[in-house]
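For reference, the structure is listed below as structure tokens.
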Amino acid sequence: MRLYLLYVLLGVVFLGVQAHPLLPFAQQGIRPDLVFILVLYLGTRPEIERGSGAVLVSLLGYFCAVFSGGPFGLYAFVYLFFFVSIGLLKTVFVLRSIYLQLLLVVLGSILEGCLLFILCWAFHNNPHMLASFKNIFPKQLAFTVAVAPVILLFLQYITNCWSQNNAINLFRVFSQPSSVKTAAS
């Protein structure tokens, strides 16, 4: 239960970061989809049960809809679709490698953008949507893929510390004692 609360808190923090107006390119509507990276990561984790994970991912999708002002339930559906799809892929492949997770982020982000476009186009029929999609989607995809390695490494570090009941020390590099001997010793 504590692990699920950790992921909810991380999701809310990621939503706050990706909704922040001072991010690079945020004024043009280009934001990395950090919560989507978290959803893909949750799909690859063996300790996340399918039912509880589905509820968690749907909750993150509803939070994303509230933060973004998008249609209510759209992100919950998309995130749940990818979580279940990754769960099915997990039965065939071992998705614990950071490289496979990066590949999932790239392919998943492309498919997520296409799925969001198709769903919004089918249900909201906005004639200007294609032009804005062609302008924003490639830049947002590049931004998401650029931050994905850092986010995935951070998530692995947090999960490893949490599962081993170790203290989470993000500034461990600065707090380690020096191994250099001084002249007095």
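FYI, in the numbering used here the residues of the sequence shown are 71 to 255.
By construction, the Cβ of each residue, glycine as well, lies at the ideal position given by its N, Cα and C atoms.
Being a predicted model, the structure only gives us computed values, none of them experimental.
Cβ pair residue i, residue j closer than 8 Å
| i | j | result |
| --- | --- | --- |
| V148 | G123 | no |
| I221 | I100 | no |
| G113 | G157 | yes |
| L104 | F152 | no |
| L126 | Y74 | yes |
| F133 | A89 | no |
| L144 | L189 | yes |
| F187 | F203 | yes |
Option in the options with minimal Cα separation from residue i
| i | options | result |
| --- | --- | --- |
| S128 | G86, V78 and S167 | V78 |
| Y169 | L211, S155 and V215 | V215 |
| K209 | F84, S138 and I180 | I180 |
| L165 | N236, H90 and E117 | E117 |
| N230 | L200, M71 and R115 | R115 |
| V154 | G140, L174 and R120 | R120 |
| G81 | N235, N236, G140 and L225 | L225 |
| H194 | P141, T161 and P94 | P141 |
| L185 | P94, F84, N235 and A146 | A146 |
| L223 | N236, I206, V176 and S167 | S167 |
| F207 | K160, V176 and P219 | V176 |
For residue j and residue i, believed in contact at Cβ under 8 Å, the rounded distance
| i | j | result |
| --- | --- | --- |
| G183 | L211 | 6 Å |
| V217 | P102 | 5 Å |
| L76 | W232 | 6 Å |
Residue range of the alpha helix (DSSP H) that includes residue i
| i | result |
| --- | --- |
| R72 | R72 to Q88 |
| I118 | First-last for I118: undefined, no H or E at that position. |
| Q210 | M199 to S233 |
| L92 | Per DSSP, L92 belongs to no alpha helix (DSSP H) and is neither H nor E. |
| I107 | L104 to T114 |
Interface flag, residue i vs chain D, CB-CB below 8 Å
| i | result |
| --- | --- |
| A218 | The structure shown contains no chain D; it holds only a single protein chain. |
Item to check | Complete runs of the alpha helix (DSSP H) confined to the segment 120-185 [at least 4 residues] | outcome: 120-138 and 144-160
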